[in-house]
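Everything in the sequence shown is counted per our numbering, starting at 56 for the first residue and increasing by one. Written below as structure tokens is the structure these notes are about.
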Amino acid sequence: MKKLIMMCLVFISVTVFAHAPLLSVDDNKDGTIYIEAGFSNGEKADGMEFFIVKDKPYNGPEDTYEGKMIIFKGKFDKKSSVTILKPLTPKYEIVFNGGAAHIITKKGPKLEENEVLEWKKKLEEADYMNEWKEKMSQK
Numbered sequence: 056m057k058k059l060i061m062m063c064l065v066f067i068s069v070t071v072f073a074h075a076p077l078l079s080v081d082d083n084k085d086g087t088i089y090i091e092a093g094f095s096n097g098e099k100a101d102g103m104e105f106f107i108v109k110d111k112p113y114n115g116p117e118d119t120y121e122g123k124m125i126i127f128k129g130k131f132d133k134k135s136s137v138t139i140l141k142p143l144t145p146k147y148e149i150v151f152n153g154g155a156a157h158i159i160t161k162k163g164p165k166l167e168e169n170e171v172l173e174w175k176k177k178l179e180e181a182d183y184m185n186e187w188k189e190k191m192s193q194k
């Protein structure tokens, strides 16, 4: 009987502390996307890493994730969110790295023709891009 009670307690405590990563990607329709992340138990993702990869196979010297080239790396702010320029590449994915076994990926919205002029202006002003500017502006 003690073993049964102990197993029930262990199962309940594991269930209570279990959580899954959540990722939301919204198109601002101005050449940027709003990305928000967190966990199903309400835990925030502030300071946690996210990155953007081209959605096609890559076999070169650049950093990769699951065989796809990483074109941007960043961290979520105190609100577990970030607004960032869309990459010029038509197909890309946003990856939230919430730690071991807590990784989630979503496809990002394409940069539309009517957004390109504003996007180019924002790209020049985007000081957060640093070394990622060239990769984010490649098709």
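For every residue, glycine included, the Cβ atom is placed at its ideal position computed from N, Cα and C.
Practice task
Give the C-beta separation of K146 and K111 to the nearest angstrom, bearing in mind that I take them to be a contact with Cβ-Cβ under 8 Å.
Solution key: Within the sequence shown, the letter at position 91 stands for residue 146. Within the sequence shown, the letter at position 56 stands for residue 111. About 7 Å; that satisfies the 8 Å criterion.
Handout entry: Spatially closest choice to N169 from G86, D81 and S79, by CA coordinates
Key = The residue labelled residue 169 in the question sits at position 114 within the sequence shown. It is G86 whose Cα lies nearest to the Cα of N169.
Problem - Inside the region 76–117 only - beta strand (DSSP E) runs reaching at least 3 residues - result: 76–82, 87–94 and 104–112
Exercise for the section: In angstroms with no decimal places, state the Cα-to-Cα distance between K134 and E148. Expected result: Position 79 of the sequence shown, counted from the first residue, corresponds to residue 134. Position 93 of the sequence shown, counted from the first residue, corresponds to residue 148. Computed Cα separation, rounded: 21 Å.
Practice task
Only counting runs of 3 or more residues, tell me where the beta strand (DSSP E) segments fall wholly within the region 110–175, in order along the chain.
Solution key: 123–130, 136–140, 147–152 and 158–162
Problem - Option in S79, V150, T138 and V80 with minimal Cα separation from K109 - result: Taking the sequence shown and counting its residues from 1, one reaches residue 109 at position 54. Of the listed residues, the one whose Cα sits closest to K109 is V150.
Practice task
Kindly indicate which residue of L166, K84, D81 and S95 has the alpha-carbon position closest to the one of A75.
Solution key: The count along the sequence shown starts at 1 and reaches residue 75 at position 20. It is S95.
Handout entry: Beta-carbon spacing of F131, F106 below 8 Å
Key = For the purposes of this step, residue 131 is identified with residue 76 of the sequence shown, where counting begins at 1. For the purposes of this step, residue 106 is identified with residue 51 of the sequence shown, where counting begins at 1. No, the Cβ-Cβ distance between F131 and F106 is not below 8 Å.
Handout entry: Simplified DSSP assignment, three categories, for K190
Key = By 1-based counting over the sequence shown, the position of residue 190 is 135. Looking at K190 - three-state DSSP - the assignment turns out to be helix.
Problem - P116 burial status per 10 Å Cβ neighbour count (16 or more: buried) - result: In the sequence shown, counting from the first residue as 1, residue 116 sits at position 61. Result: exposed.
Handout entry: Buried/exposed call for K123, threshold 16 Cβ in 10 Å
Key = Working through the sequence shown from its first residue, we reach residue 123 at position 68. K123 should be labelled buried.
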